[in-house]
Amino acid sequence: MTQLSPLVRPIFENNLRRNSGEPEFHQAMREVFESVSLAIEKHPHYADNSILERICEPERQIIFRVPWVDDAGRTQINRGFRVQFNSALGPYKGGLRFHPSVTLGTIKFLGFEQIFKNSLTGMPIGGAKGGSDFDPKGKSNAEIMRFCQSFMTELAGHIGQYTDVPAGDIGVGQREIGYLFGQYKRITNSYESGVLTGKGLTWGGSLVRTEATGFGTVFFAEEMLRSAGKGLEGKKVIVSGSGNVALFAMEKVAQLGGTVVACSDSSGVVYDSEGLDIELLIHTKNEQRGRLSDYARARGSRSEYRDAARVWDIAAETRVDVALPCATQNELMADDARTLIRSGVIAVAEGANMPSTPDAIRQFRQAGVLFAPGKAANAGGVATSALEMQQNASRDSWTFEHTEERLALIMRSIHDRCAETAEEYGRPGDYVLGANIAGFTRVADAMIALGVI
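Using the numbering used here, you'd call the opening residue of the sequence shown number 53 and step up by one each time.
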């Protein structure tokens, strides 16, 4: 593990003590600290006013009980979270995750990453994250509605279009956003459409929002490849996950001439050496709410479904040019990275939040693989959420083409900002360093300007 600079090590160690039992938050902090020490060496004023200490401490952490009644009439209890991390650039912005694995440490790591991701977009939005250990899987629509109404009853007093604007994440799609927004509207007696993003198109949502994170990840990957004189056309791609991020990343890869040969879900992997049928896959997952095994049955002999397999192992059997981890945190480990490198991978772009372990990232960087961290590569989702906020504020609705053009421009700008920052600090092509420093300096400059608050 890389040794931290003496400039930042005491701050990091103090944060470990103050946030014990939160390994994902520690991991996210360490990656930022390793890069930011170079910025502090070059610009010592960032060491003043305890900027690093303040940026690691959330401005507000809200933990609350969420009681709800299931279809059998039994009262169930879940825990809700909202960590409002930093508002130096604008109102807090970040998704809500409903999944049984959610803990305060999970939400803090996601919120910390969100600060820098939102900063990189260039949009006036701060960083936050929230969620619950509630699992929507296997629940009826009525149960999900009752849970969302209870969750929003507590959360409503802490959010607003100029305060905190939540969105969706794992387990929170348009259905959940609808129930949450309906309860917020009921409580406040106002149609404040800018308070949540990811809404339905008929009630304040934005075209491209569903596709934005996946599309944006591929736009970033294409920019990385272009900077190296290459492109996605003709490239073999594997993707982890098969939720919205993965599905629409695959769709954009296909549009740009690449071939997706494998993807995964929590049960297994589907592999097709000639390329997956993306249209059928999206229909199976989004329209039928099916599994990859259902897709494989519909596809017939052209696809192979492997129960309980790992998608990265496909790289041991076939050439892989580009990998897009789009499932969840710490899913791509050092051994997986080595398998991909032996397979000939030239670029990795993270569609999920922190899906690669530190050792995996180190393998990619040492091998000269183009590597885009999630805070840069998957910023398209929150960028388009900010575009949804713009449309809500102006009572306007943009076309799909116009919104996608804005997204592509934002992702190109993020790529260029990361690349130029890495160049400035003597690390050309190091998108991890570029993303961390570019994201940090914009927030730090705003914090300094606003004083000690």
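Here a beta-carbon is modelled for each residue, glycine too, at the ideal position from N, C-alpha and C. Nothing here was measured: the structure is a model prediction, and the numbers come from that model.
Taking its Cβ as the centre, do 16 or more other Cβ atoms sit within 10 Å of Trp120, making it buried, or is it exposed? Counting from one through the sequence shown, the residue named residue 120 turns up at place 68. Burial call: buried.
Please state whether the Cβ-Cβ distance between Phe272 and Ala401 is less than 8 Å. By 1-based counting over the sequence shown, the position of residue 272 is 220. By 1-based counting over the sequence shown, the position of residue 401 is 349. Pairing Phe272 with Ala401 gives a Cβ-Cβ distance under 8 Å.
Are there 16 or more other CB atoms within 10 angstroms of the CB of Leu253, so buried, or fewer, so exposed? In the sequence shown, counting from the first residue as 1, residue 253 sits at position 201. Exposed, since its Cβ has fewer than 16 Cβ neighbours within 10 Å.
Going by DSSP in three states, Glu191 sits in which element: helix, strand or coil? Taking the first residue of the sequence shown as position 1, residue 191 is located at position 139. For the record, residue 191 in the displayed sequence is Lys; it is not Glu. If DSSP states are grouped into helix, strand and coil, Lys191 belongs with coil.
Would you say Leu68 reaches chain D, if we count a Cβ-Cβ gap shorter than 8 Å as a contact? The question asks about chain D, but that chain is absent: this structure has only one protein chain.
N- and C-terminal bounds of the beta strand (DSSP E) containing Asn130: In the sequence shown, the residue the question calls residue 130 occupies position 78. Per DSSP, Asn130 belongs to the beta strand (DSSP E) from 127-138.
For Leu23 and Ala389, what's the separation of their Cα atoms in angstroms? With the chain running from 53 to 505 in the structure shown, residue 23 is simply not present.
Cβ neighbours of Ile115 in the same chain (closer than 8 Å, five flanking residues each side left out): Residue mapping note: residue 115 aligns to position 63 of the sequence shown, counting from 1. If the five residues before and after Ile115 are omitted, its C-beta is found closer than 8 Å to the C-beta atoms of Arg131, Gly132, Phe133, Leu156, all from its own chain and listed in chain order.
In this structure, how does DSSP classify Gly179 when only helix, strand and coil are distinguished? If you number the sequence shown from 1, residue 179 lands on position 127. Gly179 sits in a strand when the DSSP states are folded into three classes.
Residues that DSSP places opposite Leu422 in a beta bridge: The count along the sequence shown starts at 1 and reaches residue 422 at position 370. According to DSSP, which records beta bridges pairwise, Leu422 is partnered with Ala399.
If we require 4 or more residues per run, which alpha helix (DSSP H) segments fall completely within the stretch 244-330? With a minimum length of 4 residues, the continuous alpha helix (DSSP H) runs that stay inside the stretch 244-330 are 261-279, 296-307.
Can you tell me where the beta strand (DSSP E) with Lys145 in it begins and where it stops? The count along the sequence shown starts at 1 and reaches residue 145 at position 93. First-last of the beta strand (DSSP E) with Lys145: 144-150.
Could you spell out where the alpha helix (DSSP H) holding Leu141 opens and where it closes? As a position in the sequence shown, residue 141 is number 89, starting the count at 1. No alpha helix (DSSP H) contains Leu141, which DSSP labels as neither H nor E.
Mapping DSSP to helix, strand and coil, what is Val372? Reading the sequence shown from its first residue, position 320 is the one you call residue 372. Coil.
Under the three-state DSSP convention, the category Gly355 falls into: In the sequence shown, residue 355 corresponds to position 303, counting from 1. Looking at the sequence shown, residue 355 is not Gly but Ser. Coil.
Rounded to whole angstroms, what's the CA-CA distance from Ile334 to Asp468? Just pull it up for me. Translated into the one-based positions of the sequence shown, residue 334 becomes position 282. Translated into the one-based positions of the sequence shown, residue 468 becomes position 416. When rounded, the distance between both Cα atoms is 31 Å.
Report the option in Leu485, Gly503, Met499, Val495 whose CA atom is closest to the CA atom of Val88. Within the sequence shown, numbered from 1, the residue matching residue 88 stands at position 36. Closest in alpha carbon position to Val88, among Leu485, Gly503, Met499, Val495, is Leu485.
Same chain only: Cβ atoms within 6 Å of Tyr144, ignoring 5 sequence neighbours per side: Sequence index remark: in the sequence shown, residue 144 carries index 92 (1-based). Closer than 6 Å at Cβ, skipping near neighbours: Gln136, Gly178, Ala180, Asp216.
May I have the straight-line CA-CA distance separating Arg341 from Gly209, to the nearest angstrom? The residue you call residue 341 lines up with position 289 of the sequence shown. The residue you call residue 209 lines up with position 157 of the sequence shown. When the Cα atoms are used, Arg341 and Gly209 turn out to be separated by approximately 34 Å.
In the DSSP output, what is Leu384 paired with across the bridge? As a position in the sequence shown, residue 384 is number 332, starting the count at 1. Answer is Ser408, bridged to Leu384.
Count the other CB atoms within 10 Å of the CB of Pro507; is the residue buried (16 or more) or exposed (fewer)? The question about residue 507 has no answer here: the residues shown for the chain are numbered 53 through 505.
Beta-carbon separation (whole angstroms), Gly268 vs Ala404, contact threshold 8 Å: Counting from 1 along the sequence shown, the entry for residue 268 is found at position 216. Counting from 1 along the sequence shown, the entry for residue 404 is found at position 352. Taking C-beta atoms under 8 Å as the contact rule, Gly268 and Ala404 fail to qualify, at a distance of about 13 Å.
Does the separation of the CB atoms of Val322 and Ser353 fall below 8 Å? Residue numbering aside, residue 322 sits at position 270 when the sequence shown is read from its first letter. Residue numbering aside, residue 353 sits at position 301 when the sequence shown is read from its first letter. Ser353 is positioned such that its CB atom lies no closer than 8 Å to that of Val322.
When the Cα of Arg126 is compared with those of Ala379, Glu195, Thr370, which residue comes out closest? Walking along the sequence shown from the start, residue 126 turns up at place 74. Comparing alpha carbon positions, the residue from Ala379, Glu195, Thr370 closest to Arg126 is Glu195.
Of all the options Asn66, Glu275, Met197, which has the alpha carbon lying nearest to the alpha carbon of Leu461? Numbered from 1 along the sequence shown, position 409 holds the residue referred to as residue 461. Of Asn66, Glu275, Met197, the residue nearest in Cα terms is Glu275.
Write down the C-beta distance between Val289 and Thr262 rounded to the nearest angstrom, noting that I regard them as a contact closer than 8 Å. The sequence position of residue 289 within the sequence shown is 237, counting from 1. The sequence position of residue 262 within the sequence shown is 210, counting from 1. Taking a contact as a CB-CB distance under 8 Å, the pair Val289 and Thr262 does not count as one, their CB atoms being some 20 Å apart.
Count the CB pairs spanning the stretch 437-449 and the stretch 235-249 that are closer than 8 Å, and state whether there are at least three. Taking one beta carbon from each stretch, the stretch 437-449 and the stretch 235-249 have 3 or more pairs nearer than 8 Å; the two touch.
Return yes when the Cβ of Asn430 is within less than 8 Å of the Cβ of Thr265, no when it is not. Within the sequence shown, residue 265 is the residue found at index 213, counting from 1. Within the sequence shown, residue 430 is the residue found at index 378, counting from 1. Result yes, Cβ atoms of Thr265 and Asn430 sit closer than 8 Å.
Span of the alpha helix (DSSP H) holding Pro119? Along the sequence shown, read from residue 1 onward, the residue named residue 119 stands at position 67. It is not in any alpha helix (DSSP H) - Pro119 instead sits in the beta strand (DSSP E) that spans 112-121.
Tell me the DSSP bridge mates of Pro377? In the sequence shown, counting from the first residue as 1, residue 377 sits at position 325. Assignment of beta-bridge partners to Pro377 by DSSP yields Ser292.
Inter-residue CB distance, Thr455 and Val305 (contact presumed, cutoff 8 Å): For the purposes of this step, residue 455 is taken as residue 403 along the sequence shown, with counting starting at 1. For the purposes of this step, residue 305 is taken as residue 253 along the sequence shown, with counting starting at 1. With a contact defined as Cβ atoms closer than 8 Å, Thr455 and Val305 miss out at about 20 Å.
Beta-carbon contacts of Gln415 that lie in its chain and below 7 Å, excluding the five residues immediately before and after: The residue given as residue 415 occupies position 363 in the sequence shown. Leaving aside the five residues that flank Gln415 on each side, the residues in its chain whose CB is nearer than 7 Å to its CB run, in chain order, Ala386, Ala389, Arg390, Ile393.
How about the stretch 89-107 and the stretch 57-71: do they share at least three Cβ pairs that are nearer than 8 Å? Pairwise C-beta distances place the stretch 89-107 in contact with the stretch 57-71, as three or more of them are shorter than 8 Å.
Which of the three DSSP states, helix, strand or coil, is assigned to Val224? As a working note, residue 224 is residue 172 in the sequence shown. Val224 carries a strand assignment under DSSP once its states are collapsed to helix, strand and coil.
Report the rounded CA-to-CA distance for Gln307 versus Arg69, giving the unit in angstroms. Taking the first residue of the sequence shown as position 1, residue 307 is located at position 255. Taking the first residue of the sequence shown as position 1, residue 69 is located at position 17. Near 48 Å, if we compare the C-alpha coordinates of Arg69 and Gln307.
Please return the same chain residues whose Cβ sits closer than 8 Å to the Cβ of Asn101, not counting the five positions on each side in sequence. Stepping through the sequence shown from its first residue, residue 101 is reached at position 49. Beyond the five residues adjoining it in sequence on each side, Asn101 comes within less than 8 Å, by CB distance, of Met499, Ile500, Val504 in the same chain, given in chain order.
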